[in-house]
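*Asks:*
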Amino acid sequence: MKTATLATRRWWYIMPIVFITYSLAYLDRANYGFAAASGMAEDLMITPGLSSLLGALFFLGYFFFQVPGAIYAQKHSVKKLIFVSLILWGGLATLTGVVSNAYWLIVIRFMLGVVEAAVMPAMLVYLCHWFTRAERSRANTFLILGNPVTMLWMSVVSGYLVQHFSWRWMFIIEGLPAVLWAFIWWRLADDRPAQAKWLNDQEKQDLESALAAEQVGIKAVKNYAEAFRSPKVIILALQFFCWSIGVYGFVLWLPSILKAGAQMDMIEAGWLSSLPYLAAVLGMLAVSWGSDKLQKRKRFVWPPLLIASIAFYGSYALGAEHFWWSYTLLVIAGACMYAPYGPFFAIVPEILPANVAGGAMALINSMGALGSFGGSYLVGYLNSSTGSPGASYLLMSGALLLSVVLTIFLKPGASDRVVAKAAATPRVPAHS
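Take the sequence shown: its position 92, counted from the start at 1, is 91 in numbering that gives the first Met the number 0, and no numbers get skipped.
Have a look at this one:
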């Protein structure tokens, strides 16, 4: 049938493109943790407090430019925005490897956040142009899989690069692929189905009709200001703020925690850092499949986050003398923090119309960036000031527990129930 062919073609054509693009963005923001654990501070005379600030500065730039980037993507072109962003963030990441002092590093880390700010919301807008509600949790998950999959291989590769070359060569080698990929992205990406040469006219019409039909049951929202005042958007933004404290405290400082906890070299720390992300990939795939199957988003978000919160508390309770038990709980925490991303970002397009959904997702993601700034700074600060990760585990556990409570408080409204009913209704033959 046409629908099966269309669905298969979209998945196989679009998802590798968005996956690679987001993977490269994540690579160039997360490898800082390996440099911080491998001599960069000594080379650039960076104090522990400044090191924590540098790790977090990316997210400050990321916070301020999320919404403008998403609005441009929604009103103009995701394709153009990502093309320019790829070149700029790849260049900035490469420049990180040649800086001579901490002041230039401050500028580059902040600007890297500014340039990458548009990537996540722009990609979420892009997927809304190509995938229906029943597919969206899985589509979001394949996009965000770029995060843990990148951490999986980057943890190993960065460990080897740092050990055999230096932290400078790690930044240079890992920054260049984004610049090269920009030109491949420009050749392959299409903003909307109508522009795709790889779809026939009937397939384009069927997809556009299905996407337009989904907007019928959603209450109209005049502008971004009205969308941003929505109680549901505010709750989701606060929830993502707390969630991101846990995620990025974990991502940026895991190599340092492992290296200090077991007195290992960077190659060993790299291999151990990769395992939580392998577990995260499996968790994300399972949760997104269940979320799209049942069309119940909330119940696939808060339980994994609760498990992650308990796992961090368990790592705190065990202490440094039980390293391998504590490490096992960190693997569980990492997997469970990542698992709900797909269903979480599928919520917003189901409660807001297309004209404001992109901006709302950017607002929520920008609050996540603020939480990421807080998490990466506070975890780095607590680790250096206390000499152990115990206080950090408590911080991440508490933040995730608060995100669980906020998710439970998110109540479906009338428009949400209309959406859920529409999703459960059998589709017409052209789209089934």
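Note that CB positions come from ideal geometry on N, CA and C, so glycine has one too.
Taking the Cβ atom as the reference point for each residue, do G367 and A72 lie within a distance shorter than 8 angstroms?
*Replies:* Residue numbering aside, residue 367 sits at position 368 when the sequence shown is read from its first letter. Residue numbering aside, residue 72 sits at position 73 when the sequence shown is read from its first letter. Contact flag unset, no.
*Asks:* Could you say which of A285, V178, V155 lies nearest to Y340 if we only look at CA atoms?
*Replies:* Here the question's residue 340 lines up with position 341 in the sequence shown. The shortest Cα separation from Y340 among A285, V178, V155 belongs to A285.
*Asks:* Among the candidates W166, L328, I70, G89, whose CA atom is the shortest distance from the CA of E41?
*Replies:* Here residue 41 corresponds to residue number 42 of the sequence shown, with the count starting at 1. When each option's Cα is compared against that of E41, the closest is W166.
*Asks:* At 4 residues or longer, and completely inside the segment 141–173: list those alpha helix (DSSP H) runs for me, N to C.
*Replies:* As far as the segment 141–173 is concerned, its whole alpha helix (DSSP H) runs of at least 4 residues are 145–163.
*Asks:* From what residue to what residue does the alpha helix (DSSP H) around K196 run?
*Replies:* As a first step, residue 196 must be located in the sequence shown, where it is residue number 197. Run containing K196: none; DSSP gives neither H nor E here.
*Asks:* Do L317 and S308 come within 8 angstroms of each other at the CB atom, strictly closer than that value?
*Replies:* As a working note, residue 308 is residue 309 in the sequence shown. As a working note, residue 317 is residue 318 in the sequence shown. No; because the gap between Cβ atoms is not below 8 angstroms, this pair is not in contact.
*Asks:* In whole angstroms, give me the CA-to-CA distance for Y21 and I143.
*Replies:* Counting from one through the sequence shown, the residue named residue 21 turns up at place 22. Counting from one through the sequence shown, the residue named residue 143 turns up at place 144. Looking at the two C-alpha atoms, the distance is approximately 7 angstroms.
*Asks:* Along the chain, where does the alpha helix (DSSP H) containing F343 start, and where does it finish?
*Replies:* Looking up residue 343 in the sequence shown gives position 344. Where F343 is concerned, the enclosing alpha helix (DSSP H) stretches over 340–350.
*Asks:* By a C-beta neighbour count over all protein chains shown, 10 Å radius and 16 as the cutoff for buried, is A332 buried or exposed?
*Replies:* Position 333 of the sequence shown holds residue 332. So A332 ends up on the buried side.
*Asks:* Check for me: the alpha helix (DSSP H) holding D42 runs from which residue to which?
*Replies:* Residue numbering aside, residue 42 sits at position 43 when the sequence shown is read from its first letter. D42 -> alpha helix (DSSP H) spans 39–43.
*Asks:* Between the alpha carbons of E320 and S314, how many angstroms are there, rounded?
*Replies:* Translated into the one-based positions of the sequence shown, residue 320 becomes position 321. Translated into the one-based positions of the sequence shown, residue 314 becomes position 315. Cα to Cα, the separation comes out at about 11 angstroms.
*Asks:* Smallest Cα separation from Y392: which of Y247, L281, P192?
*Replies:* Position 393 of the sequence shown holds residue 392. Considering only alpha carbons, the answer is Y247.
*Asks:* Give the range of the alpha helix (DSSP H) segment to which L87 is assigned.
*Replies:* For the purposes of this step, residue 87 is taken as residue 88 along the sequence shown, with counting starting at 1. Looking at the DSSP string, the run of the alpha helix (DSSP H) that includes L87 is 77–94.
*Asks:* With distances taken between CB atoms, is the gap from G112 to F239 smaller than 8 angstroms?
*Replies:* As a first step, residue 112 is located in the sequence shown; it is residue number 113 there, counting from the start. As a first step, residue 239 is located in the sequence shown; it is residue number 240 there, counting from the start. No, Cβ-Cβ distance for G112 and F239 is not below 8 angstroms.
*Asks:* Just the C-alpha distance for L56 and Y31, rounded to the nearest angstrom, thanks.
*Replies:* As a working mapping, residue 56 is identified with position 57 in the sequence shown. As a working mapping, residue 31 is identified with position 32 in the sequence shown. Near 11 angstroms, if we compare the C-alpha coordinates of Y31 and L56.
*Asks:* Using beta-carbon positions only, say whether A101 and M360 come within less than 8 angstroms of one another.
*Replies:* Along the sequence shown, read from residue 1 onward, the residue named residue 101 stands at position 102. Along the sequence shown, read from residue 1 onward, the residue named residue 360 stands at position 361. No, the pair does not count as a contact, with Cβ atoms beyond the cut-off.
*Asks:* Quick check on the DSSP output: the alpha helix (DSSP H) that includes K74 runs from which residue to which?
*Replies:* Taking the sequence shown and counting its residues from 1, the one referred to as residue 74 is at position 75. Taken as a continuous stretch (DSSP letters only), the alpha helix (DSSP H) holding K74 covers 65–74.
*Asks:* With burial defined as no fewer than 16 other Cβ atoms inside 10 Å of the residue's Cβ, what is the status of A446: buried or exposed?
*Replies:* Residue 446 is absent from the structure shown; the chain starts at 0 and stops at 431.
*Asks:* Please look up how many angstroms separate the CB atoms of V161 and L305, rounded, as I've assumed it's under 8 angstroms.
*Replies:* Sequence index remark: in the sequence shown, residue 161 carries index 162 (1-based). Sequence index remark: in the sequence shown, residue 305 carries index 306 (1-based). So it is not a contact: roughly 35 angstroms between Cβ atoms.
*Asks:* Within a Cβ cutoff of 7 angstroms, which residues of the same chain sit near R228, ignoring the five residues on either side of it in sequence?
*Replies:* By one-based count along the sequence shown, residue 228 stands at place 229. Once the five neighbours on either side are set aside, R228 has no close Cβ partner at all.
*Asks:* Rounding to the nearest angstrom, what Cα-Cα distance links I183 and I16 in this structure?
*Replies:* What you label residue 183 is simply residue 184 of the sequence shown in a count that begins at 1. What you label residue 16 is simply residue 17 of the sequence shown in a count that begins at 1. If you take the alpha carbons of I183 and I16, they lie about 9 angstroms apart.
*Asks:* Nearest CA to the CA of E115: which residue from A133, T93, F64, A398?
*Replies:* To locate residue 115, count along the sequence shown from 1; it is residue 116. For the residues A133, T93, F64, A398, the minimum Cα distance to E115 belongs to F64.
*Asks:* Who are the Cβ neighbours of A138 in its own chain at under 6 angstroms, not counting the five residues just before and after it?
*Replies:* Looking up residue 138 in the sequence shown gives position 139. Around A138: L126, F130.
*Asks:* Between which residues of its own chain and A429 is the CB-CB distance below 6 angstroms, once the five residues before and five after are set aside?
*Replies:* Within the sequence shown, the letter at position 430 stands for residue 429. Low confidence applies here, because A429 scores a pLDDT of 40, under 50, leaving its location unreliable and the question unanswered by this model.
*Asks:* Go to S402, then tell me how far its alpha helix (DSSP H) extends in each direction, as first and last residue.
*Replies:* Position 403 of the sequence shown, counting from 1, holds the residue named residue 402. Its alpha helix (DSSP H) spans residues 389–408.
*Asks:* Excluding the 5 residues preceding and the 5 following K231 in the sequence, name in chain order all residues of the same chain whose CB lies nearer than 6 angstroms to its CB.
*Replies:* As a working note, residue 231 is residue 232 in the sequence shown. I350.
*Asks:* What three-state label does DSSP hand F62 in the structure shown?
*Replies:* Locating residue 62 in the sequence shown gives position 63, counting from the first residue. Looking at F62 - three-state DSSP - the assignment turns out to be helix.
*Asks:* Determine, using beta-carbon pairs with one atom in the segment 88–101 and one in the segment 375–388, whether at least three such pairs fall under 8 angstroms.
*Replies:* Verdict: no, contact absent.
*Asks:* What separation, rounded to the nearest whole angstrom, lies between the Cα atoms of W288 and Y337?
*Replies:* Stepping through the sequence shown from its first residue, residue 288 is reached at position 289. Stepping through the sequence shown from its first residue, residue 337 is reached at position 338. Distance between the alpha carbons of W288 and Y337: 14 angstroms.
*Asks:* Return helix, strand or coil for Q214, following the three-state DSSP convention.
*Replies:* Position 215 of the sequence shown, counted from the start, is the residue given in the question as residue 214. Looking at Q214 - three-state DSSP - the assignment turns out to be coil, as it is neither helix nor strand.
*Asks:* Would you identify the three-state DSSP class for A117, choosing helix, strand or coil?
*Replies:* Position 118 of the sequence shown, counted from the start, is the residue given in the question as residue 117. Note: A117 maps to coil in three-state DSSP.
*Asks:* Do R8 and W197 have their C-beta atoms closer together than 8 angstroms?
*Replies:* For the purposes of this step, residue 8 is identified with residue 9 of the sequence shown, where counting begins at 1. For the purposes of this step, residue 197 is identified with residue 198 of the sequence shown, where counting begins at 1. Closer than 8 angstroms, so yes.
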